[in-house]
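Trainee: First the structure, which I've put down as structure tokens, then a few questions once you've had a look.
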Amino acid sequence: MRFAERSLRLVLEVLDGRRPAAHLRPLAEPTVVAAVETLARTAAAERRLGPALLVSVRATTVAAGSAEVFGGYDRGNRRFAVAARIVARRGDWRLAALRLR
């Protein structure tokens, strides 16, 4: 699913400081944008490992207009997990929930 990959890649770019959080607003719910902004301000230790590189994304439909997304990203020589929920709102997909580990 292209939206899932594009939105997760954008989240990682915001966390790395390569893009402003405002770029997420058209794609994500306000609570997700606020959480990513907070993480971008407070996650300096993780950034020292290197830039985040999205390496895998999978999505599975859980209901009409809703999908669970999961994948992995690398920072340096470490692998991390990402999970999200995307929902269809007014014909467009939106990032409704996000979890990074």
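Okay, so the sequence shown: first residue is -1 according to the numbering used here, each after it adds one.
Cβ coordinates follow ideal geometry from the N, Cα and C atoms, glycine included.
In this text the structure is predicted, and so the values were computed from the model without any measurement.
Which residue comes first and which comes last in the alpha helix (DSSP H) that contains residue 33?
Mentor: Translated into the one-based positions of the sequence shown, residue 33 becomes position 35. Note, residue 33: alpha helix (DSSP H), 28 to 40.
Trainee: Could you pull out every residue in the same chain whose Cβ sits closer than 7 Å to the Cβ of residue 99, ignoring the five residues on either side in sequence?
Mentor: Taking the sequence shown and counting its residues from 1, one reaches residue 99 at position 101. The answer, listed in chain order, is 78 and 79.
Trainee: Given this structure, state the Cα-to-Cα distance separating residue 31 from residue 12, to the nearest angstrom.
Mentor: Counted from its first residue, the sequence shown places residue 31 at position 33. Counted from its first residue, the sequence shown places residue 12 at position 14. About 10 Å.
Trainee: Use the C-beta contact count for residue 20: other C-beta atoms within 10 angstroms, 16 or more gives buried, fewer gives exposed.
Mentor: As a first step, residue 20 must be located in the sequence shown, where it is residue number 22. Burial is judged here by how many other beta carbons sit within 10 angstroms of a residue's own beta carbon; residue 20 has fewer than 16 and is exposed.
Trainee: From which residue to which residue does the alpha helix (DSSP H) around residue 10 run?
Mentor: Taking the first residue of the sequence shown as 1, we reach residue 10 at position 12. Per DSSP, the unbroken alpha helix (DSSP H) holding residue 10 starts and ends at 0 to 13.
Trainee: Which two residues bound the contiguous beta strand (DSSP E) that contains residue 73?
Mentor: In the sequence shown, the residue the question calls residue 73 occupies position 75. Note, residue 73: beta strand (DSSP E), 64 to 73.
Trainee: For the beta strand (DSSP E) that contains residue 51, what are its first and last residues?
Mentor: In the sequence shown, residue 51 corresponds to position 53, counting from 1. Here the beta strand (DSSP E) through residue 51 covers 50 to 61.
Trainee: Would you mind working out which of 15, 4 and 28 sits nearest residue 94, comparing C-alpha positions?
Mentor: Here residue 94 is taken as the residue at index 96 of the sequence shown, counted from 1. Comparing Cα-Cα distances from residue 94 to each of 15, 4 and 28, the minimum goes to 28.
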